[in-house]
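One point on numbering: in the UniProt record's numbering, the residue at position 107 of the sequence shown is 107, and numbering is uninterrupted. Even glycine gets a Cβ: it sits at the ideal position worked out from N, Cα and C. These figures come from a predicted structure and were not determined experimentally. Take a look at the structure set out below.
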Amino acid sequence: MRGAKAWILYGIIMSQSFDYFEGLTWDKVIWSTSYEKVRSIQKRIFKASLAGDTKRVWFLQKLLLRNPHAKLIAVQIVTTLNKGKNTAGIDGYKATTSEEKLLLAKKLQINGKANLVRRTWIPKPGKTEKQPLGIYTIQDRALQALCKLALEPEWEAKFEPNSYGFRPGRRAQDAIEAIFQNLHHDADKYVFDADIRKCFDTIDHAALLSKLKTFPLMEKQISAWLKAGIFDQYANTPKVSTPEMGTPQGGIISPLLANIALHGLEEHLLNMVSRKEFPKPHPKAARGAKAKRAALGIIRYADDFVIIHRNLDIMKTVITETKTWLAQMGLAISEEKSALRLASKSFKFLGFQVAYVRDKIQNKYRVRITPSRENVKLIISKTRNIIQKNKASSAYELIGKLRPVLLGWANYFQYCECKKTFSKVDNIVYQQIRPWVFRRAIHQGRITVKEKYFPSGQTYKFQGRTYTANWILNGTKASKSEKPTKIHLPKISWIESKKYVKIKGNTSVYDNNDIYWAIRTPRYSSLSTRVKNLLIRQKGKCKACSKVFKEDDIMEVDHIIPLSIGGKDNYANLQLLHRQCHVDKTKFDRAIPPEPMESSFGNYTQI
């Protein structure tokens with residue numbers, strides 16, 4: 001009966017999807033509604049996958065693939081949101097107009113076929129060697145985005161807790177915090193910093209499709225992309241080749257496929273070390289499987305991962321088993337880029353330098369994480385290039401180009417011991433800007449020029465704090481109709497070092513825990529904007545009882561001073577309460593006289 005109802009619903013939705021595009025224009029699409037409808041189906045896919053209901057997963061995925069809202073979002077991703085939106089594939093076609101985008105969405109449908117992939121070579125950041133980048137046609141890119149919308153929630157229910165790369169709601173900082181937690185035990189440990197050799201280029205197609213275990217049409221479509229001919233034009237000599245392994249870097253679905261290929265490594269190694277015949281991690285450790293599993297740390301970010309263990313012999317066995325497991329997927333560890341060392345010797349991961357140092361005061365080991373020297377050199381080189389390319393630009397324009405680069409870099413590294421590094425970068429950037437300033441006005445006095453670009457005694461506001469400094473680059477943009485606009489280049493040392501809170505275990509953006517995601521990453525929560533903002537302001541706690549909101553709690557927005565006695569409908573007069581707390585407060589409000597008076601309820605004061 002359930003199956004019959006499902007197919008009836010499927011037929012109704014299909015008939016509605018054909019009618020949805022009638023009379024629709026790209027500019028009239030209500031994106032919030034589209035994302036809400038797609039996220040609703042994705043959460044159902046996640047729930048079914050978590051329950052192991054494969055038939056329901058496939059049904060919902062097919063439903064999503066034919067959903068007009070999903071098609072619109074897929075096209076929006078590749079034609080509007082992605083950086084490569086203006087890069088054409090082998091056919092030279094780019095969907096840039098509203099009409100072209102809407103037409104692309106209408107025709108979007110998986111058919112088990114793929115176009116040729118144009119290959120180009122791009123330099124690796126900070127290296128002389130180049131890496132291949134596969135550029136699919138805009139149609140294939142949109143189709144890959146659509147398939148990813150369907151496949152991702154299924155695999156988010158399966159992926160292991162310490163996999164962080166290319167997953168929604170997870171960041172590189174989660175991986176670094178996981179490393180910190182594994183090393184934070186006052187004992188020097190062995191770290192195997194591993195890198196998979198050409199991971200995207202060597203994945204075994206048959207092994208990947210076998211692990212994917214999806215419905216026939218999706219498998220046929222994924223296989224078509226994996227086997228798509230690659231058009232490589234080098235030195236004006238065109239060449240078309242058919243890949244026997246790997247998935248081209250540059251495909252929207254490629255990172256997801258790489259994660260699927262590497263899924264299972266963590267659990268396999270943990271199960272191996274927990275066996276009875278395996279020795280204890282160290283003499284004082286317990287003998288049980290739980291202690292053995294806890295002693296092994298595996299942290300993976302895409303194709304980079306680290307393995308942490310205290311016992312050298314166990315570590316060597318784990319490394320050998322890792323190589324054997326990867327070989328089943330056609331993958332191998334790069335011996336040149338991988339190394340086994342003690343944590344006290346320090347190692348680099350995701351741009352961070354991780355070291356184990358002994359605290360002389362407490363006489364204990366502690367973990368020290370800082371931005372790596374290579375990354376400091378990269379940001380300094382980047383700012384130097386920007387300044388050199390903008391010799392004729394105004395200070396306002398230069399600040400506009402430097403500010404996002406510096407703040408973006410600093411925001412990435414603010415969750416570590418970054419204060420000294422940030423001050424060093426500030427000083428070097430100042431040394432780069434100073435000649436740029438004084439070269440611009442050689443006929444004016446140096447004091448005049450200094451006061452124009454670096455005014456003395458100025459006060460600056462940055463991230464809610466006030467600073468007074470003399471050597472801050474200022475820029476002004478004149479306007480005929482309005483007042484001149486002034487901006488400044490803040491010091492990145494003004495960004496405070498923060499403690500990062502790692503994502504909870506297997507938590508996913510598709511798990512319906514809107515309260516958690518509203519506080520952590522608001523864009524993944526389906527709660528209203530008002531509720532999200534109040535949750536963040538209140539740090540996830542009810543203002544009346546001070547208890548943390550839980551997933552099943554009913555939350556209600558309350559006016560601190562009721563509207564009936566002159567309260568305003570703005571954030572300053574709003575708070576988020578449990579439903580019962582809201583009921584109790586309403587009774588309290590109705591019991592007090594209407595004239596203004598000082599009263600209190602819970603943890604707030606009404607004037």
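Between the Cα of residue i and the Cα atoms of the options, which residue gives the shortest distance?
| i | options | result |
| --- | --- | --- |
| Leu406 | Ser394, Cys418, Ile380, Val75 | Ile380 |
| Phe349 | Arg358, Lys107, Asn375, Asp188 | Asn375 |
| Asn115 | Pro132, Gly251, Ala175 | Gly251 |
| Asn570 | Glu321, Ser254, Ile560 | Ile560 |
| Ala289 | Cys418, Ser274, Leu217 | Ser274 |
| Phe454 | Lys486, Asp514, Phe347, Trp121 | Lys486 |
| Gln353 | Lys532, Glu177, Arg118, Ile45 | Glu177 |
| His184 | Arg56, Lys220, Ala343 | Ala343 |
| Leu257 | Leu60, Ala142, Glu219, Lys284 | Glu219 |
| Gln362 | Ile428, Asp186, Ile298 | Asp186 |
| Lys585 | Cys545, Lys568, Gly566 | Cys545 |
| Val78 | Ile90, Leu60, Leu146 | Leu146 |
| Ile565 | Arg287, Pro255, Arg590 | Arg590 |
| Lys239 | Val437, Gly567, Asn573, Val117 | Val117 |
| Val367 | Ile179, Pro562, Lys94, Arg579 | Ile179 |
| Ile73 | Ile30, Lys62, Thr97, Gly89 | Ile30 |
| Gln61 | Ile110, Pro243, Lys94 | Ile110 |
| Cys418 | Ile433, Val357, Ser493, Ile428 | Ser493 |
| Gly169 | Arg523, His578, Cys581, Gln580 | Arg523 |
Over the uninterrupted alpha helix (DSSP H) stretch that includes residue i, give me the two end residues.
| i | result |
| --- | --- |
| Leu81 | Premise fails: Leu81 is in no alpha helix (DSSP H) and is neither H nor E. |
| Pro279 | Run containing Pro279: none; DSSP gives neither H nor E here. |
| Gln144 | 138-156 |
| Arg167 | Per DSSP, Arg167 belongs to no alpha helix (DSSP H) and is neither H nor E. |
| Lys290 | 289-295 |
| Tyr467 | Segment 465-469 is the beta strand (DSSP E) holding Tyr467; no alpha helix (DSSP H) there. |
| Cys199 | 199-202 |
| Asn385 | 373-389 |
| Ile495 | No alpha helix (DSSP H) contains Ile495, which DSSP labels as neither H nor E. |
| Ile361 | Premise fails: Ile361 is in no alpha helix (DSSP H) and is neither H nor E. |
| Val509 | Segment: none, Val509 is in no alpha helix (DSSP H) and carries neither H nor E. |
| Asn271 | 265-273 |
My assumption, with CB atoms under 8 Å, is that residue i sits in contact with residue j. Please give the rounded CB distance.
| i | j | result |
| --- | --- | --- |
| His309 | Tyr190 | 6 Å |
| Gln575 | Leu535 | That belief does not hold up - the Cβ atoms of Gln575 and Leu535 are roughly 11 Å apart, past 8 Å. |
| Ala518 | Ser508 | About 15 Å; that fails the 8 Å criterion. |
| Ala295 | Ala302 | Between Ala302 and Ala295 the Cβ distance is about 25 Å, and since that is not below 8 Å, they are no contact. |
| Lys148 | Leu108 | Rounded, the Cβ-Cβ distance is 13 Å, inconsistent with contact. |
| residue 613 | Thr137 | With the chain covering 1 to 607 only, the question about residue 613 has no answer from this structure. |
| Ala142 | Val75 | 5 Å |
| Gln221 | Gly112 | 5 Å |
| Asp514 | Leu527 | 5 Å |
| Gln173 | Tyr500 | 5 Å |
| Thr459 | Thr448 | Going by Cβ atoms, the distance from Thr459 to Thr448 rounds to 22 Å, so no, they are not a contact pair. |
Please name the residue or residues paired with residue i in a DSSP beta bridge.
| i | result |
| --- | --- |
| Leu340 | Phe192 |
| Lys348 | Gln353 |
| Val367 | Tyr356 |
| His309 | Tyr190 |
| Glu556 | Leu577 |
| Ser241 | Ile230 |
| Arg300 | Ser163, Phe305 |
| Lys447 | For the sequence presented, residue 447 should be read as Ile rather than Lys. Beta-bridge pairing links Ile447 to no other residue. |
| Lys541 | Val548 |
In the DSSP assignment, find the unbroken beta strand (DSSP E) run with residue i in it and report its ends.
| i | result |
| --- | --- |
| Trp121 | 117-123 |
| Glu417 | Run containing Glu417: none; DSSP gives neither H nor E here. |
| residue 613 | Examination of residue 613 is not possible in this model, given that the chain is present from 1 through 607 alone. |
| Arg523 | From DSSP, Arg523 is part of no beta strand (DSSP E); its letter is neither H nor E. |
| Leu209 | Unbroken run through Leu209 is the alpha helix (DSSP H), 205-212; no beta strand (DSSP E). |
| Pro132 | 130-135 |
| Thr476 | 474-477 |
| Gln458 | 458-462 |
| Thr54 | Here Thr54 belongs to no beta strand (DSSP E); instead the alpha helix (DSSP H) covers 54-65. |
| His488 | 485-488 |
**OP:** Please confirm if the stretch 226-233 is in contact with the stretch 268-281, defined as three or more CB-CB distances below 8 Å between the two stretches.
**Re:** Contact between the stretch 226-233 and the stretch 268-281 is absent: fewer than 3 CB-CB pairs across the two stretches fall below 8 Å.
Original post:
Can we say the stretch 135-152 touches the stretch 311-327, given the rule of at least three CB pairs closer than 8 Å?
Top reply: These segments do not touch.
Original post:
So does the stretch 413-431 actually touch the stretch 368-378, counting three or more Cβ pairs closer than 8 Å?
Top reply: Output reads yes: the stretch 368-378 touches the stretch 413-431.
**OP:** Specify whether the stretch 74-83 and the stretch 532-552 touch according to this definition: at least 3 beta carbon pairs, one from each stretch, less than 8 Å apart.
**Re:** The stretch 74-83, when compared against the stretch 532-552, does not touch it at the 8 Å Cβ threshold.
Original post:
So, do the stretch 18-27 and the stretch 48-56 have three or more beta carbon pairs nearer to each other than 8 Å?
Top reply: Fewer than three beta-carbon pairs drawn from the stretch 18-27 and the stretch 48-56 are found closer than 8 Å, and the two stretches are therefore not classed as touching.
Original post:
Is it a yes or a no for the stretch 157-175 touching the stretch 90-110, going by three-plus beta-carbon pairs under 8 Å?
Top reply: Too few Cβ pairs lie closer than 8 Å, so no.
**OP:** Indicate whether the contact test is met: 3 or more Cβ pairs, each with one atom in the stretch 199-212 and one in the stretch 246-261, closer than 8 Å.
**Re:** A contact exists between the stretch 199-212 and the stretch 246-261.
Original post:
Three or more beta-carbon pairs under 8 Å between the stretch 192-199 and the stretch 331-345, yes or no?
Top reply: The stretch 192-199 and the stretch 331-345 touch, with no fewer than 3 CB-CB distances between them shorter than 8 Å.
Subject >> Inter-stretch contact at 8 Å, needing at least 3 Cβ pairs: the stretch 488-497 / the stretch 466-474 >> reply: Counting Cβ pairs under 8 Å, three or more are found: they touch.
Subject >> Validate contact between the stretch 37-46 and the stretch 55-65 using beta carbons, cut 8 Å, 3 pairs >> reply: Segments in contact, yes.
Subject >> Three CB pairs or more closer than 8 Å across the stretch 441-448 and the stretch 415-429 >> reply: The stretch 441-448 vs the stretch 415-429: no contact.
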